[in-house]
Structure formats: structure tokens, C-alpha cells
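Numbering (full-length UniProt numbering), first residue to last: 1 to 337.
To start, the structure itself, in C-alpha cells.
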């Protein structure tokens, strides 16, 4: 429908020769070098491959640490042997030895009881404990029943733990579980820092921890792979669009130049051709929406980078329309004349 509005177009196009376009296409703009995205894609791909290989090593490392680590930390005998000796202000050697043995017995039993309870709480909680922190009264009753010691000896053991700068594997906690404890009277519950767990429970916990960390790492890896795939897709689409734009520029230059040559041979009425007429002749109707961005980029490229094509506004059939005119270089015009 647009062709009927251009009176400069000849009524019949058949039978006319077309000027060779080899030299013209050779002078058309060439595709620019590929962008810097390839370098980023190369390094990111290698990084993700390396991360995938390291993933198995991380999983095995977590298993080893969770399985063996608790055994390395279980050195309570050495800590207890390093504790200072006190015998209720008595300097008698025999008294000091007995006091030390009693305190050691209380501490060992307290340590074992708390570690077993903490291990049970971590491994299914068969006794339905509400917390790993055992009430001080419950712990005192157990230790007194097993060792036959007095409440004073139990309190002396708590004093020993409170005043010692060694890591005994027993935490003294007050009613505010997160707050510090400065005296035995403030102790509300006792908790083991090293739960005693069986091999099966320790293995299950190690597997769960490893799988959890592996899951997080896996999703992070999936996210990075997704970003890489998206970037590669985006780079490929940009390259395809860039190539399509340059191809469209070559076609536009050829059409405008051919129209100018036909005008020189008096085959066309006007030396210019409508921009939309060129678009309609190059792009089929069903592809114009898809090629809209490519066409707009090609038009902008010609306006800013092609000196042989001049964009003008002419009144054609009572309407102002944008047209392209082929601008012949001045030295060629002089030589032809």
C-alpha cells in the first residue's frame, strides 16, 4: 500500500539491469571484533569446573572432621591432671592426696554423666530431655549417688571448674544461659561441651552436616552456572543481532545506491527513496516486528557512520516523509562531468 504513495517510483521495474555491488559491498562497514565477554566466559567456566572437582573433597573433609574431630578433643584426663591441688587448708600430704582423689572422682563422674546426657540429646533424645543443660540439682544427685560424696565436695568441684583456666569440657550456666557465671550460687544448669556419641550417631550427624553444606554449595554452584549460561546466551544474541545489523546496513546501502544509479539513467523520477519504502522492500511483513530493533540500529548506524547516505525530509503526495539520498563524492562528480 505504501508503494502507491511514491510517484517517483517507475510504473514497471522489469527489464532493467542492476549495477554490480561487489565494490559497494566491499566498502560497507565490517563487523567489529567480538566483545570482551569471551574472556570472562572462559575464566568463569574454568572456575566452575574447578569448584565442581573440589566439591567432593569438601564433602569428604567434612565427614572426616565430624567423625574424628571429637576424638581429638577428648583429653579430659590431661586437663584434670593439670588442675591445682587443694585440701581444705591442710598441708598434710595424705589429706591432699585424698582430697584430690575425691575431687577427681566427682569431676570424672560429672563429666561422664553430662557428656552421655548431651550425646543422648543429640542422638534422638531417647530420654525426652528438654535441653542439653542439666539442672544442677539433678547432676548433684546423680554424682552423689554414684560416688558417695557429700554436697560440699560437689560444690568444691564446681568451684574448681569455675576458678580453673583450663578447658574441662563442662560449662556452668545461670538462668540466663547466654550470660556469664561468677559464683557457684548463680549456677542453674550444667552442660557438656563434648557430647559422647556412638559411632553410628556420629556418622549420621557427619553425613547430615556434610549434605547440608553440600546442598548449600551445590545451589551456589547451580546459581553460578545459571549466570554463566545466561551470559553466554546473552552474548550470543548480541553477536547475532550485531551481525544482523551489519547485514541490514549493507542491504540498505545497496538499495539506495541502486536507486541513485537508476535515477542517473532516468529510470527513477527522484534521486531519493523513502526510508519506510526501503524497509518494506527488505523486510517481509511477518518479520518486521521481530526485526524492529535490528532495523532501528541499522538506521542509527547509517545516520552516524555513513557519509554517502544523507537523511532528508521531503513532502511527497502531501505528506512529510523521511528519505535517503545517495551523496556522490565531489571529486567523482567533477570527473564524470
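Note that the Cβ used here is the ideal one computed from N, Cα and C, for glycine as well.
Here the structure is a predicted model, which is why all the values come from computation and not from measurement.
In angstroms, rounded to a whole number, what distance separates the CA positions of residue 47 and residue 208? About 27 Å.
Hey, out of 259, 196, 150, 315, whose CA is closest to residue 115's CA? Nearest to residue 115 by alpha-carbon distance, out of 259, 196, 150, 315, is 196.
Where residue 243 falls, given that 16 or more other Cβ within 10 Å makes a residue buried: Exposed, by the Cβ-count rule.
Run through DSSP, which three-state label would residue 274 get? In this structure, DSSP gives residue 274 an extended state, which the three-state scheme calls strand.
Three-state secondary structure assigned by DSSP to residue 286: Note: residue 286 maps to helix in three-state DSSP.
For the beta strand (DSSP E) holding residue 325, just list the boundary residues, first then last. From DSSP, the beta strand (DSSP E) with residue 325 extends over 319-326.
Report the residue from 170, 162, 100 whose alpha carbon sits nearest the alpha carbon of residue 118. The residue with the shortest Cα to Cα distance from residue 118 is 170.
Near residue 75, what residues of its chain come up, given a Cβ to Cβ distance below 8 Å and the 5 sequence neighbours on each side ignored? With a pLDDT of 44 at residue 75, under the threshold of 50, the predicted position of this residue should be treated as unreliable, though the coordinate-derived value follows. None.
Status (buried if at least 16 other CB within 10 Å, exposed otherwise) for residue 249: When all chains shown are included, residue 249 counts as buried.
Check whether the Cβ atoms of residue 136 and residue 113 sit closer than 8 Å, and answer yes or no. Cβ distance not < 8 Å, so residue 136 and residue 113 don't count as in contact.
Residue 202 versus 245, 294, 123, 179, residue with shortest Cα-Cα distance: Each of 245, 294, 123, 179 was checked against the Cα of residue 202, and the nearest Cα belongs to 123.
Can you say whether residue 161 is buried or exposed, counting buried as having 16 or more other CB atoms within 10 angstroms of its CB? Under the 10 Å beta carbon count, residue 161 is surrounded by 16 or more other beta carbons and is classified as buried.
Which class does residue 172 belong to by DSSP, given the choice of helix, strand or coil? Note: residue 172 maps to strand in three-state DSSP.
Using the rule of at least 16 other Cβ atoms within 10 Å of the residue's Cβ for burial, across every protein chain shown, is residue 219 buried or exposed? By the neighbour-count criterion, in which 16 or more other beta carbons inside 10 Å mark a residue as buried, residue 219 falls on the exposed side.
Distance check for residue 256 and residue 321, CA to CA, integer angstroms please. When rounded, the distance between both Cα atoms is 16 Å.
For the structure I just gave you, are there three or more beta carbon pairs, one from the region 256-269 and one from the region 222-233, closer than 8 Å? Flag = no, the region 256-269 and the region 222-233 do not touch.
Bridge partners for residue 219 per DSSP, in chain order? Bridge partners of residue 219 according to DSSP: none are assigned.
How far does the alpha helix (DSSP H) with residue 155 in it reach, from first residue to last? Counting along the chain, the alpha helix (DSSP H) containing residue 155 begins and ends at 151-163.
Under a three-way DSSP split, which group does residue 307 fall into? DSSP, reduced to helix, strand and coil, places residue 307 outside both helices and strands of the structure shown, so it counts as coil.
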